[in-house]
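In my numbering, the protein residues as written are 240 to 437.
Shown next, in the form of structure tokens:
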């Protein structure tokens, strides 16, 4: 019973090696790295880079989780040819920990993967809020060209529209639906379905 073979001694069980195994091609030499996905990630028609260094754009010091506010950031000094897709926001009840992807068009010029927005629409400002904040914040919706989608918002501290080269819109077929992960901030201490929320 079991997996035993009768009549075969341990001496007979080892197999002889007739030839040495050789790869069909030399083993590639991999460049040394500083961690996984720390360089340019090629997604076909888009190249993306993860950025985790930020400049603060606007901050509220109340509202949101634990009533500690939230901060809006944008990535500074992007790599050559890369564009911001949107600002980064985070509640102030946690140390800064996030990152954003910035993108570069890697497609043909006849059907580019990225385009500048047509315009911006001011969707909300903090001018009338009686809260402790770093300055007045202006939240802008990016108006994409036909067949493109905005994948982020722009936040400024002036009522002037951002420049069209501030952000890029992504061709629709390269995007997907997203789900809201968690509530980041609102003027109150909980998510208000009828109010402004990040």
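Glycine is no exception: its CB is placed at the ideal position from the N, C-alpha and C atoms. All values reported here derive from a predicted model rather than from experimental measurement.
In three-state DSSP terms, what is residue i?
{"i": "residue 344", "result": "strand"}
{"i": "residue 299", "result": "strand"}
{"i": "residue 380", "result": "strand"}
{"i": "residue 330", "result": "strand"}
{"i": "residue 353", "result": "strand"}
{"i": "residue 436", "result": "coil"}
{"i": "residue 430", "result": "coil"}
Taking the beta strand (DSSP E) that residue i falls in, what are its first and last residues?
{"i": "residue 363", "result": "358-364"}
{"i": "residue 312", "result": "309-313"}
{"i": "residue 369", "result": "Per DSSP, residue 369 belongs to no beta strand (DSSP E) and is neither H nor E."}
{"i": "residue 420", "result": "Neither: residue 420 is in no beta strand (DSSP E) and is coded neither H nor E."}
{"i": "residue 409", "result": "408-410"}
Tell me the DSSP bridge mates of residue i?
{"i": "residue 338", "result": "DSSP lists no partner for residue 338."}
{"i": "residue 285", "result": "344"}
{"i": "residue 395", "result": "377"}
{"i": "residue 322", "result": "342"}
Just to confirm my understanding: we take residue i, look at its own chain, exclude 5 residues before and 5 after, and list those with CB closer than 6 angstroms. What are they?
{"i": "residue 337", "result": "327 and 329"}
{"i": "residue 287", "result": "280, 340 and 342"}
{"i": "residue 380", "result": "360 and 362"}
Quick one: using the 10 Å Cβ neighbour count with 16 as the cut-off for buried, is residue i buried or exposed?
{"i": "residue 285", "result": "buried"}
{"i": "residue 357", "result": "exposed"}
{"i": "residue 376", "result": "buried"}
{"i": "residue 268", "result": "exposed"}
With a CB to CB cut of under 8 angstroms and the five nearest residues on each side skipped, what residues in its chain are close to residue i?
{"i": "residue 324", "result": "339, 340, 341, 342, 390, 391, 406, 407 and 409"}
{"i": "residue 302", "result": "308, 309, 370, 424, 425, 426, 427 and 428"}
Return no unless some Cβ of chain C is closer than 8 angstroms to the Cβ of residue i.
{"i": "residue 392", "result": "Among the chains of the structure shown, chain C does not appear; only one protein chain is present."}
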